[in-house]
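Single-structure report; data block below.
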Amino acid sequence: MYRHGRPDAGRPSAQPEIGLGRGGASAHPRGRNRICPFRRYGRDPTRTRWKNCSSLQGTSRIETDQPHPVSRPPSLNRRTPSEHRLETDPIVRFFLFLGTSVAAYSLSLFTPAGAGPSAWIAAIFVAIVLPLILSVVLPETLQRNRLLALFLLALVANFAFILLLLSIAPRISFGASSYLIPPALAALVLTTLVGPRAGLLLIALLGMGEFFLLRPDSRYLLSSLITGLAAIFLSRKIARRSDLLRAGAGLGLVALLATIFSSGLNFALARNVLLTEAISAAGLGLFGAIVVGALLPILESAFDRTTDLSWLELTSLDHPVLRRLSLEAPGTYLHSILVGHLAEAAASSTHTANPRACRAMALYHDIGKIDQAEYFTENFNPTDPNPHANLTPSMSALIILAHVKDGVSLARRHGLPRRIREAIREHHGTSLVWYFYQKALQQEKDARAGGKILRLRDEDIPPVEESPFRYGGPIPQSPETALLSLADMAESASRSMEKPIPGDAAKLVEKLFSEREAEGHWNRSGLTQSEWKSARHSLATALESILRPRIRYPKDRRAQKTHPHPVEESPAPIPGESRLSPS
Numbered sequence: 001m002y003r004h005g006r007p008d009a010g011r012p013s014a015q016p017e018i019g020l021g022r023g024g025a026s027a028h029p030r031g032r033n034r035i036c037p038f039r040r041y042g043r044d045p046t047r048t049r050w051k052n053c054s055s056l057q058g059t060s061r062i063e064t065d066q067p068h069p070v071s072r073p074p075s076l077n078r079r080t081p082s083e084h085r086l087e088t089d090p091i092v093r094f095f096l097f098l099g100t101s102v103a104a105y106s107l108s109l110f111t112p113a114g115a116g117p118s119a120w121i122a123a124i125f126v127a128i129v130l131p132l133i134l135s136v137v138l139p140e141t142l143q144r145n146r147l148l149a150l151f152l153l154a155l156v157a158n159f160a161f162i163l164l165l166l167s168i169a170p171r172i173s174f175g176a177s178s179y180l181i182p183p184a185l186a187a188l189v190l191t192t193l194v195g196p197r198a199g200l201l202l203i204a205l206l207g208m209g210e211f212f213l214l215r216p217d218s219r220y221l222l223s224s225l226i227t228g229l230a231a232i233f234l235s236r237k238i239a240r241r242s243d244l245l246r247a248g249a250g251l252g253l254v255a256l257l258a259t260i261f262s263s264g265l266n267f268a269l270a271r272n273v274l275l276t277e278a279i280s281a282a283g284l285g286l287f288g289a290i291v292v293g294a295l296l297p298i299l300e301s302a303f304d305r306t307t308d309l310s311w312l313e314l315t316s317l318d319h320p321v322l323r324r325l326s327l328e329a330p331g332t333y334l335h336s337i338l339v340g341h342l343a344e345a346a347a348s349s350t351h352t353a354n355p356r357a358c359r360a361m362a363l364y365h366d367i368g369k370i371d372q373a374e375y376f377t378e379n380f381n382p383t384d385p386n387p388h389a390n391l392t393p394s395m396s397a398l399i400i401l402a403h404v405k406d407g408v409s410l411a412r413r414h415g416l417p418r419r420i421r422e423a424i425r426e427h428h429g430t431s432l433v434w435y436f437y438q439k440a441l442q443q444e445k446d447a448r449a450g451g452k453i454l455r456l457r458d459e460d461i462p463p464v465e466e467s468p469f470r471y472g473g474p475i476p477q478s479p480e481t482a483l484l485s486l487a488d489m490a491e492s493a494s495r496s497m498e499k500p501i502p503g504d505a506a507k508l509v510e511k512l513f514s515e516r517e518a519e520g521h522w523n524r525s526g527l528t529q530s531e532w533k534s535a536r537h538s539l540a541t542a543l544e545s546i547l548r549p550r551i552r553y554p555k556d557r558r559a560q561k562t563h564p565h566p567v568e569e570s571p572a573p574i575p576g577e578s579r580l581s582p583s
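Count the sequence shown with our numbering and you get residues 1 to 583, in order.
Pasting the structure below:
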């Protein structure tokens, strides 16, 4: 046996023993801490310190220092209750609306309406009416306190900035278009971070507030609405930092044209007035875009959002985690790149999923395999013995299941966004590690057959339970993680296909989708049936292009005359080796 990685000649059994030692057990001949995926805890008090890995084996028959192994924990991936308590706490939501209501009343005192009924109407509107509007238009924003705080902050900050411009206008000459830029930039930021509906609602609320409190000209309100809509439209095309400057310049141009149009003079304005308007609009638009570009990373971190700008940066293969993955688990690295290609192709055919997010999630979804890379088939060395050969099925399944927990921990240490961590948790859902589960059932069957010969009772042989072989979930909660899950399964399963022909990829994708659909795996994906249909078609097309073999090159007859032995043909690439289990 092996105890702490060293051979023990005193016992002839071929089964590895799980010793009790610092940092967990080990059954790997090359050193300690190679098996137990629960060996790294640090000083996090929210995690349970498991003293014996055998307690996680369920019905395993591995010899341990405990005569009867205890049950496995209910879930390895379940979030702690305090992790998102503030995110959904209704008390926090109440104080957010209360603070915004007080701010609305205070800002109303500095408007031409003054401390009249308008100030109280503004406060009551924010406290009572605004939550009802958000519950209909933006229910997700209302349920998540960070998004709600971002929306309310944008609303209050914009109104305060407009009041500031009005207060210093007698001393500094601003163009009329300058008042249109701040709400438009706020709509651009909110659309980029939350979505277009949040930007539209912000523009509508700012227009209502300006109409009742500032009493502006109706033509100004129309210009403000046009500029805000232009900001929402321009923000949809922001994928790089340079796009922000183009969006700022575009907003300045739209604000200038809207001001000229609303003035009623068309292009008959005086040259000095037109020059002032142009300089104000272009300067404030570009300056605002630069400020927004600098603030976006801070806002993303503070309010736990991920924009297309960040997704594009995360897909860089120079990230330290991806570099480490390519060196320590090259098979998993290649698998992740292929899954990213498949998931991005599937997401591009839908209206809901974000292709850039799908690709970034795919690159990081298996980073938890780094520390135990040799136990996953894509990293097997054909010349080395199978590392699962001397392990029980429950121990092998434990190693496979632990890559999810390890991946979440590694992503948190490297500061990866929350949605990356969610993709790591959700891409397997609550699926079963089928290969090792079937192996455990076969061992149980053999044990019962032997027990009949030895006249053992059935209760002496414990039944195999599914829970030690099932991922802790949850099932995919977003379109991106659902497409990632399907792409991951399709790429893994395609490796076991022998000599695939056109059409096999589509059949494989449909089979995998149907099997998981029967288990309710896609129930919370947020994708419609038509989107699923187009996504499966695109994924199958991309998968078939990956599996397409190359033609054999003809022999070089001139080389045959020169060399005494014939030149070997370039063989067609093998589609892939079969896997022990879905990983």
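All residues carry an ideal CB built from backbone N, CA and C; glycine is no exception.
If we ignore side chains and look at the alpha-carbon of each, how far apart do S101 and A353 end up? 35 Å
E465: which of A449, S478, L456 and W434 sits nearest, CA to CA? W434
C-beta neighbour in chain C for V509, strict 8 Å: In summary, chain C is missing from the structure at hand, where a single protein chain is found.
Helix, strand or coil for L588 per DSSP? A question about residue 588 goes unanswered here, because the residues of the chain that appear run from 1 up to 583.
L109 in three-state terms, based on DSSP: coil
Per DSSP, the bridge partner or partners of L432: R470
S348 versus P549, L164, V321 and E531, residue with shortest Cα-Cα distance: E531
Cβ neighbour criterion (16 or more within 10 Å) applied to F94: exposed
Taking C-alpha atoms, which residue in E328, R421 and I399 lies nearest to S409? R421
Since I believe A362 is in contact with V339 (beta carbons under 8 Å), could you give me their beta-carbon distance rounded to a whole number of angstroms? 4 Å
For V136, is the classification buried or exposed, using 16 other Cβ atoms within 10 angstroms of its Cβ as the cut-off for buried? exposed
Under the three-state reduction of DSSP, which class applies to A160: helix, strand or coil? helix
Using only CA atoms, which one of P183, L148, T141 and L142 lies nearest to F161? P183
Cα separation between I424 and S485? 10 Å
Can you list, in chain order, the residues of its chain with a C-beta nearer than 6 Å to that of E444? Leave out the 5 residues immediately preceding and following it. V464
Under 8 Å by Cβ, that's how I've got G285 and G252 pegged, so tell me the actual separation to the nearest angstrom. 3 Å
E426 versus S525: straight-line alpha-carbon distance, rounded: 11 Å
Can you tell me which of R356, I399 and P385 puts its alpha carbon nearest to the alpha carbon of A373? I399
Rounding to the nearest angstrom, what Cα-Cα distance links P549 and M497 in this structure? 12 Å
Quick one: measure Cβ to Cβ for L539 and A346, integer angstroms, because I've assumed they're closer than 8 Å. 4 Å
Residues in the same chain with beta-carbon distance under 7 Å from S581, minus the five sequence neighbours each way, listed in chain order, please. Per-residue confidence for S581 stands at a pLDDT of 41, beneath the threshold of 50, marking its modelled position as unreliable; no derived number is given.
Would DSSP call F380 helix, strand or coil? coil
Give every residue of the same chain whose Cβ lies closer than 7 Å to the Cβ of R536, excluding the five residues on either side of it in the sequence, and list them in chain order. V509, E510 and F513
Where W532 sits in the DSSP three-state scheme: helix
Do the segment 288 to 301 and the segment 314 to 324 meet, that is, are 3 or more Cβ pairs less than 8 Å apart? no
As assigned by DSSP and simplified to three states, the class of Y590: Since the first residue shown for the chain is 1 and the last is 583, residue 590 is missing from the structure and cannot be characterised.
Return the first residue and the last residue of the alpha helix (DSSP H) that R240 is part of. R240 -> no alpha helix (DSSP H), and no H or E assigned at all.
Pull up the distance between the alpha-carbon of P196 and that of L190, whole angstroms please. 8 Å
For F159 and L107, believed in contact at Cβ under 8 Å, the rounded distance: 6 Å
D308 to V194 span [Cα, whole Å]: 11 Å
Suppose you measure from the CA of Y333 to the CA of I133; what does that come to, to the nearest Å? 46 Å
Compare the Cα-Cα distances from A249 to each of A230, F261 and A239 and report the closest residue. A230
Near L483, which residues of its chain fall below 7 Å by C-beta distance, leaving aside the five closest residues on each side in sequence? A343, A346, A347, A353, C358 and A535
Using three-state DSSP, classify R552 as helix, strand or coil. coil
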